[in-house]
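Visitor: Could you have a look at this structure, given as structure tokens, before my questions?
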Amino acid sequence: MELTNTITNTKPILYSLRNCPYAMRARIAVFKAKQSVVLRDVVLSDKPQAMLAASAKATVPILVLANGKVIDESLDVMLWALEQSDPSNLLQQDHPSRLAEMLDFIRVFDTEFKSVLDHYKCAKRYREPNVVECRSACEPYLQLIETRLNEHAYIVSDSESLVDIAVLPFIRQFARVERQWYLQSAYPKLRLWLSNYLQSPMFTKVMAKYPLWQEGQAELKFGA
Numbered sequence: 001m002e003l004t005n006t007i008t009n010t011k012p013i014l015y016s017l018r019n020c021p022y023a024m025r026a027r028i029a030v031f032k033a034k035q036s037v038v039l040r041d042v043v044l045s046d047k048p049q050a051m052l053a054a055s056a057k058a059t060v061p062i063l064v065l066a067n068g069k070v071i072d073e074s075l076d077v078m079l080w081a082l083e084q085s086d087p088s089n090l091l092q093q094d095h096p097s098r099l100a101e102m103l104d105f106i107r108v109f110d111t112e113f114k115s116v117l118d119h120y121k122c123a124k125r126y127r128e129p130n131v132v133e134c135r136s137a138c139e140p141y142l143q144l145i146e147t148r149l150n151e152h153a154y155i156v157s158d159s160e161s162l163v164d165i166a167v168l169p170f171i172r173q174f175a176r177v178e179r180q181w182y183l184q185s186a187y188p189k190l191r192l193w194l195s196n197y198l199q200s201p202m203f204t205k206v207m208a209k210y211p212l213w214q215e216g217q218a219e220l221k222f223g224a
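All residue numbers for the sequence shown refer to UniProt numbering, where the first residue is 1 and numbers rise by one.
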């Protein structure tokens, strides 16, 4: 499951950015689904023309399938990967109504939590006087996860699901804003859940550093 130099025209191409939470969760899903893609690591300050041509949004992740279809929303990339193969049953297909419930949960975090998280990060970065207020606005979402983790091993059930890997990068961001506060916060189950992910071999591989992609260079294979 390591990246290797290879040139291919048949594998999907994934434009990614190492620390972008949206790109991160797309890579996690591809890895979990045991899919094989060509990884093109980019920086948004110098977007390659091939990426701009693929999607007018010009933000990561962008997945270009072998048939030319473009998927440029991270959640859609995740769903695509898991629809190809879901060996860990992250979509929990044995519960027919579960997917809709999971998507609703993820959308709350993608909209509401992401908004208050951004305010919190900015307040801390620029040393604004409302850091505590901004942090407090994030806490109901942390408590929601904490409550669920008190009931079962993962956010949705005792089995890992799409929800866990979708919100993981954003909880990771929160934990890094005020590290000491986070380590002493009233969310022990959430801390353990996050720590288990961050210390896993999967996360190490998904977060490995690779050279930025440039037109004409050998491609890098990621995943299976």
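Ideal Cβ placement from N, Cα and C applies to all residues, glycine included.
Every value quoted in this text rests on a predicted model; they were computed, and no experiment measured them.
Would you decide whether M78 is buried or exposed? Buried here means 16 or more other CB atoms lie within 10 Å of its CB.
Guide: Its Cβ being crowded by 16 or more others within 10 Å, M78 is buried.
Visitor: Just to check my reading of the structure: residue 228 and A23 have Cβ atoms closer than 8 angstroms, yes? What is that Cβ distance to the nearest angstrom?
Guide: Shown here, the chain extends from 1 to 224; a query on residue 228 therefore has no answer.
Visitor: Distance, Cα to Cα, K221 vs K69?
Guide: The straight-line gap from Cα to Cα measures roughly 19 angstroms.
Visitor: Where does D41 sit, in a helix, a strand or coil, going by DSSP?
Guide: Note: D41 maps to strand in three-state DSSP.
Visitor: Give the range of the beta strand (DSSP E) segment to which E219 is assigned.
Guide: Its beta strand (DSSP E) spans residues E219 to G223.
Visitor: Within 10 Å of its beta-carbon, does K11 have 16 or more other beta-carbons around it, so buried, or fewer, so exposed?
Guide: Under this definition K11 is a buried residue.
Visitor: So who's on the other strand from V64, going by DSSP bridges?
Guide: I13 and V70, per the DSSP bridge assignment.
Visitor: If you draw a straight line from the alpha carbon of R120 to that of Y141, how long is it in whole angstroms?
Guide: Note that residue 120 is Tyr in the sequence shown here, rather than Arg. For Y120 and Y141, the distance between alpha carbons rounds to 13 angstroms.
Visitor: Whole-angstrom Cβ separation of S16 and D41, contact assumed at under 8 angstroms?
Guide: That pair is a contact at about 6 angstroms.
Visitor: Where do the N-terminal and C-terminal ends of the alpha helix (DSSP H) with H119 fall, by residue?
Guide: It spans K114 to R125 - the alpha helix (DSSP H) in which H119 sits, taken as one unbroken run.
Visitor: One question on the structure: do Q35 and Q92 come within less than 8 angstroms of each other, judged by their Cβ atoms?
Guide: Cβ atoms of Q35 and Q92: not closer than 8 angstroms.
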